[in-house]
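Asker: Got a structure for you, written out below as structure tokens; questions coming shortly.
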Amino acid sequence: MEFQFQFDWQAAIDSIPFLLKGIPYTLLISFGGLAIGFALGIFFGLLSINKKWFLRWPATAYIEIFRGTPILVQVLFIFYGLPDLIGSPIDPLAAGIAAIALNSGAYISEVVRGGVQSIDKGQSEAGLSLGLSRSQTFWSIVWPQAFRRMIPPLGNQAIVSIKDTSLFSVIGVGELVRQGQVYIANTFTAFEVYFVVAIMYLCITLSLSMLLRFVERRGLAST
Amino acid sequence: MTDIVSMQRLNKYFGDLHVLKDIDLTVKQGEVVVIIGASGSGKSTLIRCVNGLEEYESGELTVDGEKLAPKGGSQKALATIRKEVGMVFQQFNLFPHLTVQMNIMLAPMKVKEASKSAAAETAVRLLDRVGIGSQADKYPSQLSGGQQQRVAIARALAMEPRLMLFDEPTSALDPEMIGEVLDVMRKLAKEGMTMMVVTHEMGFAREVADRVIYIHEGQIVEEGKPEDVFDNPQNERTQSFLSRVLKH
């Protein structure tokens, strides 16, 4: 007997409306998480280069813990573990956003640290010598330059985090992969559906890459 | 005349290295003091102490009437001092993300709370004064080294400083651009600006300085009018330094 696999285009097309319902969750977890992660990254990244050890040390601990453990373990810990501690269940969406936030925050801290440290010391010296305070010097001279250098690695992190949200199907958030699993359970069209799921991720990440390239080019034009 | 800078027995260390040894130095208002010496002699460190970019370990330092405490002491005076003291760096240190005009406007707006229009006007006036009025909207990277350094001078002048520090302002420049920067400095000196200049430009020192100071291994070993120091140096170290630098 000969086995012939046929890609069922109709099955692929039929799955699209159901899969699309997952996209808002994927985007919400990704960008909600990244927005908080960016704030965490600035906060801990700047702490990690502080001269005072008691500020630097907690930041380093945070960064090492969340970079050094798998994000899957982190989200399982938040979703299944934390409720034991706080005595009430956690919404899976919130758990997903928190996991992306904490995880990307650790990586973004390193991006922030690297970006700030890459700016020549002469820049701060020039600012200080003009009478600007330390914080004025940082925010109006060092940060804008550092931020520009941070755009490519930040874009990289955003793409990684978007893909990481696919792991959150395990806690039952109705994001893209979860939608795909549910759909396949009824139709048994795994090949077609995961193909469409992959294409949808690619659409999101490619649009982001293009946007970033555009931003980078505009940023570079003025230096 | 009043003293703008007064240093007494100032000592500075980098770890175990004793970079400034019992420096006694005063600079009077309107005076142009040029500091010469081999690289590593401590001359840059000396002027960087004046606006607190380097902290010193012991001694006394008064700048424009404000006492700047040694390392570990209160740095309150620093904010006042830095408003009154401008600095020009070897590497220009212009802000690459801002236009030439914004480079000059930033400090007056942030520190003196000048209005945007007033700061812009000052910037244009200063750019004209250093001879690059037409470059206001460019970014620093679009200018030549000499032009960048003149912008840096204009940027410092925008704060209307009582004292200007120059830390080897022409050392990073191509030879053909040194003259244009020295011209601006010469003009500034003529207008009565108090200046402390670290430089290897002996011609400039001879012509513009009221006083030349030779530093060797963190100590002032010779000090006097340029003609005395250059033509009749008393210390043998000064003699050997000058014979080396004046040969070419």
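Chains as they are written, first to last, in my numbering: chain A, 5 to 227; chain B, -2 to 245. Positions of the beta carbon are idealized from the N, C-alpha and C atoms, including for glycine.
Report the start-end ranges of each alpha helix (DSSP H) in the segment 160 to 188 of chain B that is 4 residues or longer and not cut off at the edges.
Answerer: The qualifying runs are 172 to 187.
Asker: Can you check which of these residues, A/Phe11, A/Ser113, A/Lys125, is closest to B/Glu251 by C-alpha distance?
Answerer: The structure shown has nothing for residue 251 of chain B, since chain B only spans -2 to 245.
Asker: In or out: B/Arg79 buried (at least 16 other Cβ within 10 Å) or exposed?
Answerer: Per the 10 Å Cβ criterion, buried.
Asker: From this set, B/Pro93, B/Asn8, B/Leu14, which residue's C-alpha is nearest B/Val47's C-alpha?
Answerer: For B/Val47, the nearest C-alpha among the options comes from B/Asn8.
Asker: Nearest to B/Val16 by alpha carbon, out of B/Arg6, B/Thr23, B/Val24?
Answerer: The shortest Cα separation from B/Val16 among B/Arg6, B/Thr23, B/Val24 belongs to B/Arg6.
Asker: Counting only the same chain and skipping the five closest in sequence on each side, list residues whose C-beta sits under 6 Å from that of B/Phe227.
Answerer: Around B/Phe227: Arg203.
Asker: What is the residue span of the alpha helix (DSSP H) that A/Gly36 lies within?
Answerer: Counting along the chain, the alpha helix (DSSP H) containing A/Gly36 begins and ends at 27 to 51.
Asker: Beta-carbon of B/Gln139 versus every beta-carbon of chain A: anything under 7 Å?
Answerer: No, its Cβ sits nowhere closer than 7 Å to a Cβ of chain A.
Asker: So which residues on chain A does B/Met161 lean against when the C-beta distance must stay under 7 Å?
Answerer: The contacting residues do not exist; B/Met161 stays about 11 Å from chain A at best.
Asker: Might you give, ordered along the chain, the residues of its own chain that have their beta carbon closer than 7 Å to the beta carbon of A/Ile250, omitting 5 neighbours on each side?
Answerer: Lying outside 5 to 227, the shown extent of chain A, residue 250 of chain A is not represented and no answer is given.
Asker: Using C-beta distances below 6 Å, list every residue in its chain close to A/Gln149, excluding the 5 sequence neighbours before and after it, in chain order.
Answerer: The residues are Ile123.
Asker: Could you spell out the range, first to last residue, of the beta strand (DSSP E) harbouring A/Leu158?
Answerer: Careful: A/Leu158 lies outside any beta strand (DSSP E), inside the alpha helix (DSSP H) at 147 to 168.
Asker: Can you give me the Cβ contacts of B/Ile212 inside the same chain, cut-off strictly under 8 Å, excluding the 5 residues immediately before and after it?
Answerer: So the qualifying residues of the chain are Ile32, Ile33, Gly34, Ser38, Gly39, Lys40, Leu43, Val218.
Asker: Can you tell me the Cα-Cα spacing of B/Lys187 and B/Arg234, whole angstroms?
Answerer: The straight-line gap from Cα to Cα measures roughly 31 Å.
Asker: Taking 7 Å as the CB-CB limit, is B/Phe104 close to chain A?
Answerer: Position check: residue 104 of chain B holds Ala in this sequence, whereas Phe was assumed. B/Ala104 counts as touching chain A.
Asker: Tell me whether A/Leu38 is buried or exposed, calling it buried when 16 or more other Cβ atoms sit within 10 Å of its Cβ.
Answerer: Flag for A/Leu38 reads buried.
Asker: Check the Cβ-Cβ distances between B/His15 and every residue of chain A, and say whether any is below 7 Å.
Answerer: For B/His15, the answer is no, since every Cβ of chain A falls outside 7 Å of its Cβ.
Asker: Closer than 6 Å by C-beta to B/Leu22: which residues in its own chain qualify, once you throw out the five before and the five after it? Chain order, please.
Answerer: Within the same chain, B/Leu22 has close Cβ partners Met4.
Asker: Consider the Cβ of B/His197: report whether some Cβ of chain A lies at a distance smaller than 7 Å.
Answerer: No, B/His197 does not count as interfacial toward chain A.
Asker: Run through DSSP, which three-state label would B/Gly0 get?
Answerer: Reading off the sequence shown, one finds Asp at residue 0 of chain B, where the question assumed Gly. Correct three-state label for B/Asp0: strand.
Asker: According to DSSP, which residues form a beta bridge with B/Lys64?
Answerer: B/Thr59.
Asker: Is the CB-CB distance between B/Gly142 and B/Leu170 below 7 Å?
Answerer: In this structure, B/Leu170 lies closer than 7 Å to B/Gly142 by Cβ.
Asker: Is the Cβ of A/Gly135 closer than 7 Å to any Cβ of chain B?
Answerer: For A/Gly135, the answer is yes, since a Cβ of chain B falls inside 7 Å of its Cβ.
Asker: How long is the line joining the alpha carbons of A/Ala99 and A/Ile145, rounded to whole angstroms?
Answerer: Distance between the alpha carbons of A/Ala99 and A/Ile145: 37 Å.
Asker: With 8 Å as the C-beta to C-beta threshold (strictly closer), list the residues of the segment 74 to 87 of chain B near chain A in chain order.
Answerer: From the segment 74 to 87 of chain B, only Ala76, Arg79, Lys80, Val82, Gly83, Met84, Phe86 have a Cβ closer than 8 Å to chain A.
Asker: Taking a Cβ distance cut-off of 8 Å, strictly less, list which residues of the segment 139 to 154 of chain A are near chain B, in chain order.
Answerer: The residues in question are Gln140, Ser144, Ile145, Pro148, Gln149, Arg152.
Asker: If you draw a straight line from the C-alpha of B/Val108 to the C-alpha of B/Pro158, how long is it?
Answerer: Roughly 13 Å separates the two Cα atoms.
Asker: Can you tell me the Cα-Cα spacing of A/Gly184 and A/Val197, whole angstroms?
Answerer: Each residue's alpha carbon lies about 6 Å from the other.
Asker: Judging by CA-CA distance, which residue of B/Ser138, B/Gln144, B/Ala115, B/Glu214 is the nearest neighbour of B/Leu246?
Answerer: Outside the displayed range of chain B (-2 to 245) lies residue 246 of chain B, so it cannot be described from this structure.
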